[in-house]
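Chains as they are written, first to last, in the numbering used here: chain A, 9 to 208; chain B, 9 to 208.
Quick reminder that beta carbons are idealized off the backbone N, C-alpha and C, glycines included.
All of these numbers come straight from a predicted model, not from anything done at the bench.
One structure below.
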């Protein structure tokens with residue numbers, strides 16, 4: 009059985025959101041599964057002194073334009089949320105907690121969180137909203153609320169971020185197919201060809 | 009008659025090189041001409057304190073991998089030159105001097121310079137090599153040699169770089185269609201659809 013494709017993302021990344029709406033279907037067409045792995049771009053940015061895209065001169069204003077055009081190009085609805093970018097550690101921690109209990113629930117939560125943020129423009133940075141979204145997916149809200157404050161879950165996410173950096177992962181979305189790294193939703197055509205041909 | 013498409017590029021940009029091999033044909037399929045405009049990424053980077061891609065942690069090593077894979081994906085031969093990136097002011101100045109005299113010769117020189125650098129791996133940063141390439145395209149070598157040292161041509165390129173920055177152009181390749189900006193050779197599918205549909 010072939011290895012799952014890895015899909016690394018930050019919940020605050022619009023290009024990550026676009027990829028989240030496509031990657032499972034692309035993989036399925038080639039008989040592959042996808043392993044989703046949220047991480048924090050902030051951890052990468054802090055370590056290497058990168059700046060968040062929206063704050064970069066020229067590139068920031070362009071990116072807003074590009075995000076909305078790419079949304080139309082891919083036919084995936086998207087707004088630029090009023091709070092953008094945001095801290096996503098609570099959403100990412102919730103995802104890992106859910107995933108350890110129920111993969112399908114974690115997947116449903118990821119879609120719900122991305123869509124809540126990038127379709128409905130709601131701020132998903134606070135634990136309260138993360139808990140509401142998780143509960144709507146069937147999670148035990150009180151147990152998750154307790155877990156979100158735990159050192160164990162904080163360490164878990166910290167380890168995932170360190171693993172991402174150790175693997176050379178610096179952006180969102182970041183897709184890895186049998187060790188081959190693809191950064192950006194604009195690499196979807198290359199990803200498709202890679203899956204079709206087994207590498208080129 | 010429709011406006012020409014603008015194609016901004018730096019001679020040291022591999023993604024700019026890829027676009028240079030595609031943009032005229034893409035435009036021609038839609039009855040459009042292309043106005044090529046070399047500029048210096050260094051001017052943008054200096055003003056906004058951006059770092060050259062190869063020097064950025066994680067992103068730099070990834071980009072080398074991505075450049076070579078993109079070369080195979082687009083079926084455009086490419087090597088990573090030993091000297092990379094390089095200063096390209098002499099090539100860009102030569103291009104503007106040629107363009108003021110003979111558009112077709114400037115286009116031929118641009119292809120020759122990009123291919124010399126990214127196919128054959130030759131360093132095109134020095135005036136000597138720029139003059140050889142221009143002469144092979146039919147340019148008056150002595151007149152160009154004299155012009156390369158002139159304040160007039162230096163000012164010309166400085167003005168082009170300032171114009172790029174004033175227009176929000178920060179990367180290479182940068183394509184502008186009737187005011188709509190597209191950064192990166194990976195935006196070719198969006199460019200094609202934009203030309204087909206008149207905007208989306």
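Cβ pair residue i, residue j closer than 9 Å
i	j	result
residue 19(B)	residue 118(B)	yes
residue 44(A)	residue 184(A)	no
residue 21(A)	residue 181(A)	yes
residue 133(A)	residue 91(A)	yes
residue 165(A)	residue 70(A)	no
residue 12(A)	residue 42(A)	yes
residue 53(A)	residue 122(A)	no
residue 120(A)	residue 46(A)	no
Under 8 Å from the C-beta of residue i: neighbouring residues of chain B
i	result
residue 194(A)	192, 194, 195
Under 7 Å from the C-beta of residue i: neighbouring residues of chain B
i	result
residue 53(A)	Under the 7 Å cutoff, chain B gives no residues; its nearest Cβ is about 11 Å from residue 53(A).
residue 67(A)	178
residue 201(A)	81
residue 77(A)	198
CB contact check: residue i to chain A, cutoff 9 Å
i	result
residue 176(B)	yes
Interface flag, residue i vs chain B, CB-CB below 9 Å
i	result
residue 181(A)	no
residue 18(A)	no
residue 229(A)	In this structure chain A extends from 9 to 208, so residue 229(A) is not present and cannot be described.
residue 198(A)	yes
Straight-line gap, residue i to residue j (C-alpha atoms, nearest Å)
i	j	result
residue 51(B)	residue 109(B)	25 Å
residue 173(B)	residue 189(B)	13 Å
residue 142(B)	residue 168(B)	20 Å
residue 187(B)	residue 66(A)	15 Å
residue 40(B)	residue 10(B)	7 Å
residue 135(B)	residue 175(B)	29 Å
residue 106(A)	residue 36(B)	52 Å
residue 38(A)	residue 204(A)	7 Å
residue 130(A)	residue 138(A)	11 Å
residue 79(B)	residue 155(A)	47 Å
residue 191(A)	residue 179(A)	7 Å
residue 157(A)	residue 49(B)	46 Å
residue 115(B)	residue 199(B)	21 Å
residue 68(B)	residue 14(A)	21 Å
residue 33(B)	residue 160(B)	33 Å
residue 153(A)	residue 76(A)	34 Å
residue 74(A)	residue 201(A)	24 Å
residue 113(B)	residue 163(B)	22 Å
residue 102(A)	residue 140(A)	11 Å
residue 206(B)	residue 111(A)	43 Å
residue 144(B)	residue 23(A)	45 Å
residue 208(B)	residue 177(B)	21 Å
residue 31(A)	residue 72(A)	22 Å
Listed by chain order, chain A residues near residue i by CB distance under 9 Å
i	result
residue 189(B)	70, 73, 74
Partners in chain B for residue i, counting only beta-carbon separations shorter than 9 Å
i	result
residue 56(A)	64, 65, 66, 67
residue 80(A)	208
Residue i CB to nearest heavy atom of the ligand SAH below 8 Å
i	result
residue 111(A)	This structure lacks the ligand SAH, and indeed carries no ligand of any kind.
Checklist entry - Three or more beta-carbon pairs under 8 Å between the stretch 149 to 164 of chain A and the stretch 81 to 88 of chain A, yes or no? => result Because the criterion of three Cβ pairs below 8 Å is not met, the stretch 149 to 164 of chain A and the stretch 81 to 88 of chain A do not touch.
Checklist entry - How do the stretch 121 to 141 of chain B and the stretch 190 to 201 of chain B stand: do at least 3 beta-carbon pairs fall below 8 Å, yes or no? => result Because the criterion of three Cβ pairs below 8 Å is not met, the stretch 121 to 141 of chain B and the stretch 190 to 201 of chain B do not touch.
Item to check | the stretch 54 to 63 of chain B touching the stretch 96 to 112 of chain B, judged by at least three CB pairs closer than 8 Å | outcome: No: fewer than three Cβ pairs fall under 8 Å.
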